[in-house]
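**Q**
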Amino acid sequence: MNSKKLGSFHVTDLQLIISDPCYPIECAVDDSDDFAWRLEPAKRGEWTATVFYEDDFTISKLVATHTDFKMTDNWIDTGKEVGVDSAKAGIFDASVYGRDDAITYEVENVHEINMDEEGLTYYVACCDAVASSEYEAGIVPGGVVSMAGIGDGYYPAYVQYDNQEIAAVLLDFWFDEEEE
């Protein structure tokens with residue numbers, strides 16, 4: 070399996086959001102929805118993001134790790150699956166996720182999305198980050214986003230803890246063809 074370090078982002082909240090960026094934050098806050106989820110308590114500070122991909126460049130995993138944490142192979146299943154409808158998913162600081170004012174630069178809007186609702190500028194920034202990267206993944210303010218493996222569907226999330234704080238998150242987009 071190949072990997073590419075994407076860069077870093079800051080987490081200032083005690084909550085992370087794992088979601089397709091097309092969903093508003095309310096989907097993660099409302100426990101009746103099963104598309105986006107809050108993960109807490111999260112370790113504050115700088116996080117680094119890495120994307121893992123197969124030989125055919127299909128993204129298999131997206132991982133974000135606090136820079137002061139040494140990741141292991143012992144992942145804990147959250148029991149939560151991220152629902153994906155725009156073929157993208159990410160790991161985001163809850164205080165920034167979906168906030169248009171977090172995007173302090175002019176978005177390219179490569180998909181010409183009509184940005185007439187709150188949160189769409191953030192979503193467009195996520196789309197641009199994915200579309201402009203040869204790895205189909207990138208850093209956005211307060212998070213990381215990537216293509217979701219084979220596209221739409223539900224994907225499991227895993228975590229690792231450092232002193233009872235979430236210090237690493239893995240979104241697993243890969244499955245064996247036998248599992249279908």
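Number 184 in my numbering belongs to position 115 of the sequence shown; there are no gaps in the numbering. Backbone N, C-alpha and C fix where the C-beta goes; we use that ideal spot for every residue, glycine too. Computed from a prediction, not measured in an experiment: that's the story for all the values here.
Of all the options 174, 173, 190, which has the alpha carbon lying nearest to the alpha carbon of residue 181?
**A** Nearest C-alpha to residue 181: 190.
**Q** Would you report the Cα separation of residue 204 and residue 120, rounded to the nearest angstrom?
**A** 8 angstroms
**Q** Residue 117: buried (16+ other C-beta within 10 angstroms of its C-beta) or exposed?
**A** Looking at its Cβ environment, which holds 16 or more other Cβ atoms inside 10 Å, residue 117 is buried.
**Q** Could you tell me the boundaries of the alpha helix (DSSP H) in which residue 197 lies?
**A** 189-200
**Q** Taking 8 angstroms as the cut-off, decide whether the C-beta atoms of residue 165 and residue 207 are in contact.
**A** No; because the gap between Cβ atoms is not below 8 angstroms, this pair is not in contact.
**Q** Are the Cβ atoms of residue 110 and residue 187 separated by less than 8 angstroms?
**A** No, the Cβ-Cβ distance between residue 110 and residue 187 is not below 8 angstroms.
**Q** Report the rounded CA-to-CA distance for residue 176 versus residue 224, giving the unit in angstroms.
**A** 28 angstroms
**Q** Suppose you measure from the CA of residue 198 to the CA of residue 77; what does that come to, to the nearest Å?
**A** 14 angstroms
**Q** Cα separation between residue 147 and residue 226?
**A** 6 angstroms
**Q** Please specify which runs of the beta strand (DSSP E), each continuous and at least 3 residues long, are wholly inside the stretch 96-122, giving them in chain order.
**A** 106-108, 114-122
**Q** Could you check where the beta strand (DSSP E) with residue 130 kicks off and where it finishes?
**A** 128-135
**Q** Can you name, in chain order, every residue of its own chain whose Cβ lies under 7 angstroms from the Cβ of residue 171, other than the five neighbours on each side?
**A** If we look at residue 171 and ignore the five residues flanking it on each side, its Cβ neighbours are 165, 191, 210, 211.
**Q** Using a 10 Å radius around the Cβ and a threshold of 16 neighbouring Cβ atoms, would you call residue 112 buried or exposed?
**A** buried
**Q** Evaluate residue 126 with the Cβ neighbour count: other Cβ atoms within 10 Å of its Cβ, from every protein chain shown; 16 or more gives buried, anything less gives exposed.
**A** Exposure of residue 126 is indicated by the presence of fewer than 16 other C-beta atoms within 10 angstroms of its C-beta.
**Q** Closest to residue 150 by CA distance: which of 74, 82, 87 is it?
**A** Checking every option, the nearest Cα to that of residue 150 belongs to 87.
**Q** To which residues of the same chain is residue 72 closer than 6 angstroms at the C-beta, ignoring the five residues directly before and after it?
**A** 119, 121
**Q** Given that a residue counts as buried once 16 or more other Cβ atoms are within 10 Å of its Cβ, and exposed if not, what is residue 162?
**A** buried
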